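In this text, residue positions in the sequence shown follow this note's numbering: the first is 1, and each later residue adds one.
Each remark here refers to the structure printed beneath this line.
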Amino acid sequence: MTLCNFVTSPSLLSFFSIFYCMICLMRLLYIIVQAIELMVVDALVKANDHLEISSYVTDPAEYWKLGDNILKIIETSPDPELKESRELILRIRRRDLYQFCNEYAVPKNKLDLFEDITAQDIVCSQKASGVQLREEDVAVSNVKIDLTCGRNNPLERISFFKDYESKEKFYISDDRISHLLPASYQDRIVRVYAKKPELVEAVSEAFENFQLRMYGIKAQVHETPEKKKRRR
């Protein structure tokens with residue numbers, strides 16, 4: 001990215017705030033969005049055997065026809081084979097969403113070897129309890145959040161000119177902008193959802209056990225609220 005600008009520290013910090021705003025959306029608002037996305041995926045997977053949605057990928061003449069209307073087709077179809085998919089879409093309409101249990105940020109020293117966490121990982125971490133979890137009871141979202149440049153600082157890729165007549169571009173290092181900029185530019189977040197409200201407590205406990213097994217600590221910031229665990 002190349003910008004022609006009268007360079008000041010505030011202007012560079014303004015660029016950084018644009019990237020940071022995106023991170024805040026991912027961390028704070030997209031938890032619910034991801035619950036809906038997971039439900040839509042499950043609805044499409046369950047409908048695939050009947051509608052053969054995945055076969056469209058190899059047929060451009062059919063693939064271009066796929067759109068959001070596929071959900072309406074499933075929702076209004078009387079076919080018994082689509083019953084489970086219809087029920088999931090109805091839950092989305094009624095905002096009976098998969099319940100967010102908790103999340104943690106992968107420790108910085110574990111990022112290089114990180115592999116996506118699966119529902120099986122969570123279920124296998126469950127200790128003996130009254131509820132026996134199955135993989136289909138748990139949804140996991142492995143989220144990678146960065147400032148558009150992976151682990152690199154995007155400000156280092158922005159070049160500047162002193163004025164419109166200048167032909168010489170230059171870069172500005174972090175230490176000349178601010179000492180409050182982050183030292184790391186990428187997060188890996190693991191979010192876990194229970195597909196039914198009555199499973200929130202069991203899934204939350206299994207998720208905590210998984211963290212202890214993987215890292216020796218509970219990497220999450222806080223426990224799942226008791227009120228949410230007791231929801232039915």
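From the three backbone atoms N, C-alpha and C, an ideal C-beta is built for every residue, glycine too.
Every value quoted in this text rests on a predicted model; they were computed, and no experiment measured them.
Problem - For P197, the nearest candidate out of Q211, I23, F210 and T224 (CA to CA) - result: T224
Handout entry: For N142 and I158, the rounded distance between their alpha carbons
Key = 29 Å
Exercise for the section: Note down the Cα distance separating Y164 from K144, rounded to an integer number of angstroms. Expected result: 37 Å
Handout entry: Outcome for L51 when other beta-carbon atoms lying within 10 angstroms are tallied against a minimum of 16
Key = buried
Practice task
Report back the beta-carbon spacing between L97 and A202 to the nearest angstrom; my notes put them in contact at under 8 Å.
Solution key: Going by Cβ atoms, the distance from L97 to A202 rounds to 18 Å, so no, they are not a contact pair.
Handout entry: Paired residues, beta bridge with R191 - DSSP
Key = E103 and S141
Practice task
Return the chain-ordered ranges of every alpha helix (DSSP H) run that is complete within the region 35 to 87 and spans a minimum of 4 residues.
Solution key: 60 to 63 and 69 to 76
Practice task
Using DSSP bridges, identify the partner residues of D146.
Solution key: Q186
Practice task
Can you give me the start and stop residues for the alpha helix (DSSP H) that V131 sits inside?
Solution key: That residue, V131, is in no alpha helix (DSSP H); it is neither H nor E in DSSP.
Exercise for the section: Compute the distance between the beta-carbons of I233 and R86, then report whether it is under 8 Å. Expected result: Past the boundaries of the shown model lies residue 233; the chain is included only from 1 to 232, so the question cannot be answered.
Exercise for the section: Kindly indicate which three-state DSSP category F114 falls into: helix, strand or coil? Expected result: coil
Problem - 8 Å contact criterion, which V221 and V138 should meet: CB distance rounded - result: That pair is no contact at about 20 Å.
Handout entry: Segment contact flag, the region 97 to 106 with the region 35 to 54, C-beta cutoff 8 Å, min 3 pairs
Key = yes
Practice task
Could you say which of R93, L147 and V190 lies nearest to M22 if we only look at CA atoms?
Solution key: L147
Exercise for the section: Along the alpha helix (DSSP H) that carries E205, what are the first and last residues, could you check? Expected result: V200 to Y215
Problem - Separation of K72 from P80, as counted between CA atoms - result: 16 Å
Exercise for the section: Out of K162, Y171 and A35, state which residue places its alpha-carbon closest to the alpha-carbon of L155. Expected result: Y171
Handout entry: Residues near I89 in its chain [Cβ-Cβ closer than 7 Å; skip 5 each side]
Key = A43, L71, I74 and E75
Problem - Residues sharing a beta bridge with F15, DSSP - result: Per DSSP, none; premise fails for F15.
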